[in-house]
Structure formats: structure tokens, C-alpha cells
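Chains as they are written, first to last, in the working numbering: chain A, 347 to 651; chain B, 23 to 386.
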Amino acid sequence: MLTVGALDRHTLAARLRGPGLRLQTGPFIACIRSSLPALAVALSRMYADYPVLDEDTTADFNVLLRRPRGLRRFIKPQVYFHYDGMEPFQPLPLAQLYPMFEWAMNWCVSSHAHSWLVIHAAVVEKEGAAVILPAPPGSGKSTLCAALVARGWRLLSDELTLVRLVDGQIDPVPRPVSLKNASIDVIRAWAPEAHISPPVADTVKGTVAHMCAPGASVARALEPATPAWIVFPQWKQGAPAELVPVAQARAHLRLAENAFNYSLLGGAGFDTAARLIDGTHTFDFSYGALDDAMAVFEGLLAGRR
Amino acid sequence: MNTLPLLTRVLRSPPTMAAFDAPAWELLLRQAVSADLGATLALLAEEHGILHTLPERVQRRLGWERRAWERHGQAVRFETQQVRRALQDTGLPLILLKGTAYVAAGLPAAAGRLFSDIDILVPKDRLDEVESRLMLHGWVSNHHDAYDQRYYREWMHELPPLQHLRRATVIDVHHAILPETAAVRPDPARLRAAARAIPGAPGLSVLAPCDMVLHSATHLFYEGEYDHGLRDLFDLHRLLCHFGATEPGFWTALPTRAHELELARPLFYALRYCIQLLGTPVPAATVETAGGGRPGRALLALMDGLFARALRPMHPSCAAALTPLADAMLYIRGNWLRMPPLMLSRHLFHKAFLSPGNVKSDQV
């Protein structure tokens with residue numbers, strides 16, 4: 347199987363400029379076009395282990411990242427994202443090219459992939475049991491996810507939990523984990539061996555960087571997982587690690603609020619969320635230190651053995 | 023026919039989809055999604071019994087489109103009921119237009135059709151009452167610019183779009199199907215008089231079959247923007263096929279009605295391009311009678327050239343060299359047909375230099 351890492355920089359850049367790079371992430375194939383050399387650099391760093399498919403495969407998404415035409419390309423250069431003639435986002439400063447690519451890929455999935463209930467949540471797995479971590483931005487979900495992944499949990503996703511409508515299983519879509527502001531240094535210290543992309547300052551989310559998905563998670567990208575827990579995390583300075591059970595009905599509502607396509611799916615969305623809640627234990631989780639958090643998650647696993 | 027874009031060829035003959043390879047599918051899906059016809063493709067594959075034979079990845083993609091469309095239909099039916107409730111004390115039948123009508127009447131043209139506004143037709147002398155009822159139920163105008171207000175209220179055939187405060191849905195309240203300022207003004211009273219109640223949907227009506235086709239044609243061929251040109255042409259194709267097969271005397275009545283309403287020209291274009299691009303089975307006698315709406319030879323040659331481009335899917339793979347020029351000419355033409363020259367130059371000047379945003383803003 348061909349991977350991004352097996353292509354040299356020139357070949358990678360030529361594919362991006364020409365017919366497009368067909369990149370597989372979990373169940374999706376995106377055909378990516380761009381003449382921006384920085385994108386080839388970022389992809390070769392962050393997506394080395396990912397499969398590249400030949401032109402004979404039907405892509406799910408066709409994306410183009412390009413610079414503006416005319417004088418605009420020299421004065422405060424920007425990058426535009428196109429999805430088949432659509433421009434769902436405003437252009438961003440060129441320096442934000444790689445974060446924009448990640449956001450664009452998230453958008454592709456969250457606004458199209460309606461064979462899943464798509465929840466805005468991180469999800470990790472160990473011993474066949476998956477923990478879903480839904481939370482509004484700023485609650486420390488990605489930091490917690492990155493920390494767990496660095497301690498041996500399998501990364502399914504840090505942003506998009508894909509719950510199958512047919513059987514409630516979770517399909518992984520392991521891509522780089524987004525880290526914001528202070529959490530970049532927290533994870534650098536927590537996992538010195540992790541590969542983290544150069545931080546980009548002044549985005550709408552502040553300073554952002556991405557941590558590479560571990561090779562083992564990427565290798566198992568087509569292996570689904572069974573949801574076991576839904577944990578709503580909340581980081582609080584100095585707080586002890588504490589799990590508080592959440593009633594099913596309340597958990598259902600909070601899950602719905604965090605899903606991209608809950609109402610679009612109608613009855614199927616409701617049924618999928620209900621089945622998910624039925625088959626899992628649901629908790630609020632507050633914590634102040636990652637070490638304490640790790641112990642709590644290992645404890646959940648131990649209770650299941 | 024082989025020079026037609028892939029999507030157009032598939033709309034013309036859906037079973038050909040069954041034989042496509044992966045690259046063809048990718049191109050077709052991309053063209054369809056950017057033409058807002060993704061769900062239509064899914065439903066055509068279903069209708070022709072070939073959905074289950076398609077590659078798995080394609081079936082999955084079509085399934086996504088179909089789901090979004092199902093949800094859309096549900097939302098439209100809900101919203102239509104909300105509008106009916108808001109207006110029930112007026113005693114007026116709620117006459118639905120365009121996509122809303124196709125959905126409410128369960129017409130084949132609704133299959134896969136996505137749209138953003140609820141369109142209704144009311145008598146001009148009841149506009150104030152209708153507007154205030156809708157406002158009481160939460161729909162307000164978001165066009166506060168004095169020029170826009172005047173543009174709609176004095177010159178157009180509709181109120182400024184009303185948007186619901188909480189649900190953000192948009193209603194277009196029409197009192198006619200062409201602007202006050204257009205040279206041709208089909209009498210809306212005749213359209214309302216011929217409107218038909220939808221069986222099993224109390225309080226809801228749609229235009230009579232011929233009028234529905236003529237409105238669709240007028241909308242398409244008097245428009246200035248063709249972002250959805252192919253989709254709108256496919257609506258016409260579906261309406262023609264459906265009424266041609268189910269409505270006795272439809273093919274004879276259509277050109278006569280067009281003549282009565284002074285809409286022979288848009289009907290001529292509708293039939294011409296439906297036949298040329300989509301292979302619509304229009305009887306020869308109808309084509310001949312509708313020939314009364316034929317423009318002069320030079321104009322027709324120009325229009326053929328312009329519409330051949332405008333009625334392509336709006337996808338980069340279908341762009342021809344002249345497309346920006348064709349778009350600009352059709353844009354000016356669309357407005358030319360809707361306003362006398364002096365007013366048009368004032369309007370274009372205002373839109374280009376005085377209004378916020380550029381000339382192709384949504385109210386033009």
C-alpha cells in the first residue's frame with residue numbers, strides 16, 4: 347500500500363498541483379489539490395503513515411487550497427478553500443494554511459457524512475472499549491485526548507466521533523490532534539516523543555498546533571470500536587479528578603447538542619443517540635492534573651475487566 | 023449529444039449511470055452536488071432500480087445526499103403548516119409556488135429538489151394584511167436599506183423576503199409572477215382563479231398544471247442569474263413529463279394558456295431547451311403551436327449560444343471560455359426584461375456603486 351511518506355517531496359507536490367492527492371483517513375477519501383508548497387511539507391510531516399490511493403478511486407471530497415489571484419497574492423497573502431466551486435469559509439492568512447486544511451477536512455465530514463451520527467467529540471479506545479469525550483471548545487477535550495493517546499490509548503478521533511446508524515459501532519477517523527494555546531506546551535512536556543507541528547499564532551482559536559496521530563492508530567483506522575463510556579470533561583485549575591454520573595435523559599440532550607447532524611438525521615439521529623446512551627456509562631468529569639485523569643481512565647478499564 | 027456535460031447526459035438518460043467507472047462517478051457526483059442535484063441523482067438511481075448495482079462508495083455518497091433531502095422535505099412541510107396557520111384568519115387559500123408547491127403537491131419534481139425559501143402568491147390588495155399577519159407570527163424583513171424597500175415595494179412582484187426570527191426560515195410573498203416594471207405582466211388574478219386545492223391538504227393550493235409550467239419557465243428565462251439553471255430546467259422537464267402523462271389535454275392547453283398570459287416566449291425557450299438538452303418528449307403539435315413565441319433568427323442564435331452555457335452545471339469542469347461574458351449578458355438581459363431602460367440603468371448604477379456589497383446581490 348502506498349503511503350504519503352513513501353512519496354518524495356517532489357512527487358507529493360506534483361500530485362497536489364496536478365491530478366490531486368487521494369488521501370485516505372478512516373472511511374473517507376479526500377482528493378486534495380493545491381499548488382502551495384507549504385501544504386506538501388505539512389502533509390509529508392503530519393500524514394506520512396496514511397494511505398494514498400490511485401486515480402481510479404472515487405473520492406468523497408474534492409478540496410482545493412489556493413492563493414488569491416492578482417496583486418492580492420503579494421499583499422498580506424491569503425489562502426482560499428474551495429469545495430467544488432463552493433467557498434464555505436472566508437480566506438485566511440497564508441500562515442494558517444495547515445490549520446485551515448485540518449478545519450476544512452473536519453467540515454467535509456461534519457457537513458456530509460450522514461451515514462453516521464457525527465458528534466463533536468474526541469474518542470479513544472483501549473481493550474476494545476471506546477471513551478467518547480464530547481465537550482464545547484475550551485473544556486480541555488483535545489488535551490485530554492492527546493494525553494491519553496500518548497499513554498497508549500488508540501486515537502479514533504479528536505474532533506469527530508462517527509457513530510454508525512446501522513449498529514452503533516464507532517468508525518475511527520484518526521487525524522492529527524489539535525492543540526490550542528497553553529495545551530501545546532502541556533503536551534510537549536507530557537509526551538516529549540510526540541511529533542507536534544510548528545505552532546501557528548493569531549488564528550480564531552488562538553495559537554494552534556497539531557500532534558501527529560500515532561502510527562499504530564493510523565494502521566488500525568478501519569477497525570471499529572464499541573462505545574463503553576461517554577465522559578464530559580471539564581478542566582479546572584487545581585481540581586481533584588472526579589467522575590459524577592449523568593442521568594441518561596440529560597446525557598442524551600447534551601450529546602444531541604454536540605452532534606453536527608442530529609436534527610438532520612431525524613428519527614435515525616434520535617435512535618442512534620438513544621442506543622449509544624443505553625450501551626454506555628455517562629459521566630461528568632472534572633480534573634486539574636493529567637496524571638490524576640489517566641488514573642481515572644485506567645480505573646474505568648479495570649472495572650470492566 | 024456527446025458534447026453535453028456528463029450530468030446533463032445522465033438527467034437525459036438516467037440508466038446510463040449503471041455503466042460508469044470510478045472516475046466518471048467522481049465527475050458526475052461533483053457536477054451534481056455543485057448543481058444542487060445530488061439528491062436528485064440518488065432518487066433517479068432508485069426510481070430506475072439501479073441504486074443497489076452502483077459501487078458501494080457511490081451508494082454511500084448518494085445516501086448522504088438523500089438524507090439531507092429527506093430532512094429538507096420534512097422542514098418544508100412543517101414550515102408550510104406554520105405559514106398556513108399564520109394566514110388562516112385571512113380566509114385566503116394559501117397558494118404555494120415553485121419548490122414549495124412541488125413538495126406540498128407531492129409532484130415528481132420535488133424528488134431531490136432543495137430550495138431555501140417558501141414562496142407564496144397572494145392578491146396585491148391583501149399584501150399589507152398578509153405581511154402584518156406574518157410579522158405577528160415572527161417573520162420580519164431583513165432588508166432595511168431604503169433603496170431595497172423601494173425596489174421591492176414599488177417595482178417588484180414580491181415583498182422583501184421575510185425571515186423568521188427564531189427558525190431563520192425565509193418566505194417570499196409574491197403578488198404576481200413578474201415585476202410591476204416588466205413589459206409583460208401576466209394577470210395574477212387569472213393564475214389565482216385557476217389555482218387548485220391540493221387533495222388531502224386543507225387550505226393549501228398550487229397553480230394549475232399549465233400555469234405551474236409557465237411560471238417555472240418565466241422564472242428561469244426571465245432570470246438574471248443561472249446558478250441553478252440546469253436544476254430549474256430539470257424541474258421543467260419533470261413537470262412536463264408528469265402533466266403530459268397525467269393531465270388530459272395538457273399538451274394542447276399549454277401553448278393556448280401561454281398565449282393568454284403573454285408568456286409564449288418563455289414557453290418557447292422552455293420547450294426548446296428541454297427538448298435539446300434533456301430530450302423531453304414534447305408532442306410535435308405542441309412544439310409547432312408554441313413556435314408562436316419564437317424570437318427572430320439572430321436573437322435566437324444569440325440566445326442558443328447564451329443558454330447553452332448558462333444551462334450547464336455550475337462546476338469548474340463545465341466552464342467554457344465565454345462563460346463569464348455569457349453570465350454578464352444574461353444578467354443584464356434578465357433585468358432588461360424586468361425594467362424599462364432608464365430604470366434599469368439607475369438600478370444597475372445603484373447596485374454597483376451605492377448599495378453595500380456587489381452588483382450580484384440576492385435581491386436583483
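Note that the Cβ used here is the ideal one computed from N, Cα and C, for glycine as well. Every value quoted in this text rests on a predicted model; they were computed, and no experiment measured them.
Within chain B, partners of residue i - CB distance below 9 Å
i                     : result
residue 376 (chain A) : Those within 9 Å of residue 376 (chain A) in chain B number zero; the least Cβ separation is about 12 Å.
Chain B contact residues for residue i, given Cβ-Cβ distances below 7 Å
i                     : result
residue 461 (chain A) : 82, 85, 86
Opposing strand residues paired with residue i [DSSP bridges]
i                     : result
residue 631 (chain A) : A:579, A:589
residue 408 (chain A) : A:377
residue 469 (chain A) : A:478, A:503
residue 180 (chain B) : B:196
residue 572 (chain A) : A:475
residue 427 (chain A) : A:411
residue 219 (chain B) : B:227
residue 556 (chain A) : A:524
residue 432 (chain A) : A:429
residue 186 (chain B) : B:161
residue 518 (chain A) : Answer is none; residue 518 (chain A) lacks a bridge partner.
residue 370 (chain A) : A:375
residue 546 (chain A) : A:554
residue 462 (chain A) : A:510
residue 349 (chain A) : A:397
residue 662 (chain A) : This structure cannot speak to residue 662 (chain A), because chain A is shown only from 347 to 651.
residue 116 (chain B) : B:226
Residue i and residue j closer than 9 Å at C-beta
i                     : j                     : result
residue 194 (chain B) : residue 142 (chain B) : yes
residue 287 (chain A) : residue 378 (chain A) : Shown here, chain A extends from 347 to 651; a query on residue 287 (chain A) therefore has no answer.
residue 451 (chain A) : residue 425 (chain A) : no
residue 234 (chain B) : residue 265 (chain B) : yes
residue 610 (chain A) : residue 90 (chain B)  : yes
residue 237 (chain B) : residue 119 (chain B) : yes
residue 547 (chain A) : residue 371 (chain A) : no
residue 51 (chain B)  : residue 98 (chain B)  : no
residue 30 (chain B)  : residue 253 (chain B) : no
residue 597 (chain A) : residue 628 (chain A) : yes
residue 423 (chain A) : residue 410 (chain A) : no
residue 300 (chain B) : residue 33 (chain B)  : yes
residue 395 (chain B) : residue 208 (chain B) : Only positions 23 to 386 of chain B appear in the structure, and residue 395 (chain B) is not among them; the question remains open.
residue 392 (chain A) : residue 529 (chain A) : no
residue 350 (chain A) : residue 398 (chain A) : yes
residue 348 (chain A) : residue 400 (chain A) : yes
residue 212 (chain B) : residue 283 (chain B) : yes
residue 511 (chain A) : residue 626 (chain A) : no
Within chain A, partners of residue i - CB distance below 8 Å
i                    : result
residue 96 (chain B) : 612
residue 48 (chain B) : 377, 404, 405, 408
residue 56 (chain B) : 430, 431, 432
Where residue i meets chain A, residues with beta-carbon distance less than 7 Å
i                     : result
residue 52 (chain B)  : 408, 430
residue 430 (chain B) : Any property of residue 430 (chain B) remains undetermined from this structure, which presents chain B solely from 23 to 386.
residue 93 (chain B)  : 610, 612
heavy atom of the ligand ADP below 8 Å from residue i C-beta
i                     : result
residue 114 (chain B) : Ligands displayed in this structure: none; no statement on the ligand ADP is therefore possible.
Amino acids of chain A, ordered along the chain, whose beta-carbon sits closer than 9 Å to that of residue i
i                    : result
residue 77 (chain B) : 404
residue 44 (chain B) : 401, 402, 403, 404
### Members of the stretch 317–338 of chain B that neighbour chain A once the beta carbon cut-off is set at 9 Å
Look at the stretch 317–338 of chain B: the residues with a C-beta under 9 Å from a C-beta of chain A are 336, 337, 338.
#### Entry: At least three beta-carbon pairs within less than 8 Å, the stretch 559–577 of chain A to the stretch 473–481 of chain A
Touching, per the Cβ criterion.
### Message
Check whether the stretch 132–141 of chain B and the stretch 93–104 of chain B are in contact - that is, three or more C-beta pairs closer than 8 Å.
### Response
Taking 8 Å as the limit for Cβ pairs, the verdict is that the stretch 93–104 of chain B does touch the stretch 132–141 of chain B.
### Message
Using a Cβ distance threshold of 8 Å, determine whether the stretch 586–594 of chain A contacts the stretch 494–508 of chain A, with at least three qualifying pairs required.
### Response
In short, these stretches do not touch, since the Cβ pair count stays below three.
### Query
Name the residues in the stretch 299–314 of chain B whose C-beta lies less than 8 Å from a C-beta of chain A; which are they?
Flagged: no residues at all.
### Task
State whether the stretch 513–527 of chain A contacts the stretch 498–505 of chain A, with contact taken as three or more CB pairs (one from each stretch) at a distance under 8 Å.
Three or more Cβ pairs drawn from the stretch 513–527 of chain A and the stretch 498–505 of chain A lie within less than 8 Å of each other, which places the two stretches in contact.
### Query
Just by C-beta distance, which residues in the stretch 375–405 of chain A are closer than 9 Å to chain B?
Along the stretch 375–405 of chain A, the positions whose C-beta sits under 9 Å from a C-beta of chain B are 375, 377, 401, 402, 403, 404, 405, read in chain order.
### Touch test, the stretch 395–410 of chain A against the stretch 370–387 of chain A, Cβ-Cβ under 8 Å, three pairs minimum
The stretch 395–410 of chain A makes contact with the stretch 370–387 of chain A; the number of CB pairs closer than 8 Å reaches 3 or more.
#### Entry: Contacting positions in the stretch 440–458 of chain A - beta carbon closer than 7 Å to chain B
The stretch 440–458 of chain A vs chain B, Cβ under 7 Å: 458.
### Message
With three or more beta-carbon pairs closer than 8 Å as the criterion, would you say the stretch 620–640 of chain A touches the stretch 32–51 of chain B?
### Response
The stretch 620–640 of chain A makes no contact with the stretch 32–51 of chain B: fewer than 3 CB pairs, one atom from each, lie closer than 8 Å.
### Query
Closer than 9 Å, Cβ to any Cβ of chain A: which residues of the stretch 62–74 of chain B, in chain order?
So the list is empty, because no residue satisfies the distance condition.
### Message
When you compare the stretch 159–167 of chain B with the stretch 184–191 of chain B, are there three or more beta-carbon pairs, one atom per stretch, that lie closer than 8 Å?
### Response
At 8 Å Cβ cutoff, the stretches touch.
### Message
Contact between the stretch 316–327 of chain B and the stretch 270–278 of chain B is defined here as three or more beta-carbon pairs at a separation below 8 Å; is this criterion met?
### Response
With fewer than three CB-CB distances shorter than 8 Å, the stretch 316–327 of chain B does not count as touching the stretch 270–278 of chain B.
### Task
Spell out a yes or no on whether the stretch 448–462 of chain A and the stretch 483–491 of chain A are touching, meaning 3 or more CB-CB pairs, one atom from each, closer than 8 Å.
Counting Cβ pairs under 8 Å, fewer than three are found: no touch.
### Task
Examine the Cβ distances between the stretch 107–114 of chain B and the stretch 142–152 of chain B and report whether three or more of them are shorter than 8 Å.
With the cut-off at 8 Å, the stretch 107–114 of chain B and the stretch 142–152 of chain B touch.
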